[in-house]
Amino acid sequence: MRALFSAICCFFLFSIAVCAQNSPDCRTAIPVCADAPIMGTTDGSGDIDDFDPEVITQTGCLEKGSNSSANIEHNTGWYVFRAGTDGQIGFDIEALPNPGGVLTAEWDFAVYGPFDQTTGQNFCTIVGDGTAQPIRCNYETNDTGFTGIGVNPVDGREGAPFVKQSQNTYDEWLDVTAGEIYYLYINNYNTNFDDDPESFILTFTGTSVEDDQNTALDCTLRDEFLGLDIVACEGDPDIVLSAQNSPVGPNITNVTWELDADDDGTYETVLASGPNEVEYTVTSPNSGRYRVTIEHTFGNPITDDILITYYGIPSLTVTILDDLVNSDQTDPYNVEFIPDGDGNYEYAINGGEFQDDPIFLDVPPGLNSVVINDKNGCGTSDPVPFLVVGYPKFFTPNGDGVHDSWNVYGIDQLSNPTVFIFDRYGKLLKQLDPNLGWDGTFNGRDLPSSDYWFRLDYDRDDSGVMVARSVRRHFSLVR
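Per mature numbering (1 follows the signal peptide of the UniProt record, and there is no 0), the sequence shown runs over residues -20 to -1, 1 to 459.
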């Protein structure tokens, strides 16, 4: 259960800036709000969790440097915010001097979204693999201590769409709709190669903030201090959950982590407990709902929980809805694919385009194949073969090795099958050998292009009773 901490949040009214721990991982991005400036820190070289440095060399305005160590993500913090009202949002990222009073940091940023939280989509995966591109960003050399979206407070320069080497470190305002989710990536390029932490102040701006800073962004999201629910892939890097991003900050006296593995409302396992257990590391593939209870010096304990779901390479079950074995429908043939799991999947048959609907209509008779793809980026299955028992509508006995004979595909799946071929006048031409099919001849002579008829007699199991079936249809011989 997500808790509201109004009494604790009052503490922030007397603070210049809300302090937040750094999260170098998009999956545990820190939820933020617009009601107060946010003090952020990137702690040294950072962790590269979100962009594969060997694969993603460019995403939007973000580019890998010529130095092999100058990856897109280094010394990074991730934040997430949700629009509270329709309107205009921007922000300033102000570089702060180091302990020696020298301004050494140079901040870059990228904004991803808008995302719909109700879809269950793995936002950080599509950000990290380049599928989702930044909608606002800066990767230029900063000539002031500020970068962001909107208007630079130092020189009044208005933000503009990113153009490489434009030297404008501000991008255009965001026009947002209430409920939309955005991820903000902040990267300190200047200290990519040392271990010195650097700090900044993040302040949200724009007409929505001017109208009401308490509603411009949805401040209830900040109470979800463990972050949004996470969809991850088996084998992904560990996920580090932090209690230090809660409204009580460092004023912690005890922390307890629990697990509801089945997400059924029962926390059956205490994972860790103690005053120093401020972080808990979740390893693949341990899905479940994780809850933290924080005791602190301000009063009653506070809690938050997060659902983490791991998916592997998807698999499925093929259900033949309509063919000669499974229904009275002889044409068209229809199939349904039932995934083993409840992920976000798409399907393709015979090398065709993917579709979200697991039901395919008018599937060709014979041997087919299907692949299922996890849209969250957790993999694509190998082709899974499946057989549709039915007959082709034409054949071309021209010796090219393609459709040279006619037969009932999958006839060996039928019980006691017999096939007779007739011409259009009803003359019997052939009783088929199921293993050979018909080559379009009669008494050794090629028959002309025309429509021909067949009768298929077979037995079919109908609720445990074998029932005689007979199918009469026509097909075309094409020369």
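Ideal Cβ placement from N, Cα and C applies to all residues, glycine included.
Inclusion of E74 and I181 in the CB contact set at 7 angstroms is warranted, their separation being smaller than that value. Counting C-beta pairs closer than 8 angstroms gives three or more between the region 81 to 96 and the region 113 to 130, which meets the contact rule. Put simply, the backbone Cα of C6 is about 19 angstroms away from that of T200.
In the three-state reduction of the DSSP assignment, N225 falls in the helix class, which pools H, G and I. Within the DSSP secondary-structure output, W237 pairs in a beta bridge with A252 and V272. E248 is the residue among G417, S222 and E248 whose C-alpha sits nearest the C-alpha of D240.
One Cα belongs to G254, the other to R271, and the distance between them is close to 14 angstroms. Note on geometry: alpha-carbon atoms of D419 and L394 lie some 22 angstroms from one another. Assignment of beta-bridge partners to Y291 by DSSP yields C213.
Partner residues in a beta bridge of I115, as assigned by DSSP, do not exist. In this model, L341 and F366 are separated by some 15 angstroms (Cα to Cα).
The DSSP assignment places 325 to 329, 346 to 354 and 364 to 368 as complete runs of the beta strand (DSSP E) inside the region 316 to 374, in order along the chain (cut-off: 3 residues). Between the C-alpha atoms of G159 and A63 there is a straight-line separation of about 5 angstroms.
Just measuring C-alpha positions, the residue of W58, Y59, V35 and V60 sitting nearest N51 is V35.
In the DSSP assignment, I69 falls within the unbroken beta strand (DSSP E) covering G67 to A75. In the structure shown, V451 adopts extended strand secondary structure according to DSSP, grouped into three states. Taking G359 as the centre and dropping the five residues before and after it, the same chain places the C-beta of I293 closer than 6 angstroms to its C-beta, in chain order.
Residues K355 and N356 of the same chain have their beta carbon placed closer than 6 angstroms to that of N324, with the five preceding and five following residues left out of the count. The region 205 to 217 and the region 258 to 277 touch, with three or more beta-carbon pairs separated by less than 8 angstroms. Contact check for Y327 against P312 fails: the beta carbons are separated by 7 angstroms or more. In this structure the region 367 to 375 lies against the region 301 to 315, because at least three pairs of beta carbons, one per stretch, are closer than 8 angstroms. Under the 10 Å beta carbon count, G139 is surrounded by 16 or more other beta carbons and is classified as buried. With respect to the 7 angstroms criterion, P363 and S349 are classified as neighbours on the basis of their beta carbons.
Under the criterion of beta carbons closer than 8 angstroms, T149 and N122 qualify as touching, at roughly 5 angstroms. Per DSSP, T105 is one residue of the alpha helix (DSSP H) stretching across F103 to G108. The three-state secondary structure of I391, taken from DSSP, is helix. In this structure E257 is not in contact with V228, their Cβ atoms being roughly 15 angstroms apart against a cut-off of 8 angstroms. Taken through DSSP and simplified to helix, strand or coil, R459 comes out as coil.
The three-state reading of DSSP puts V382 in coil, since its state is none of H, G, I, E or B. Membership of S179 in the beta strand (DSSP E) is indicated by the continuous run E178 to T185.
Counting along the chain, the unbroken beta strand (DSSP E) around W58 starts and ends at T56 to R62. Excluding residues up to 5 positions away in sequence, D302 lie with their Cβ nearer than 6 angstroms to the Cβ of Q309 in the same chain. Excluding sequence positions up to five before and after S429, its CB lies within less than 7 angstroms of the CB of L457, V458 and R459, all in the same chain and listed in chain order. The shortest CA-to-CA distance from E316 to any of G332, T297 and G40 is the one to T297.
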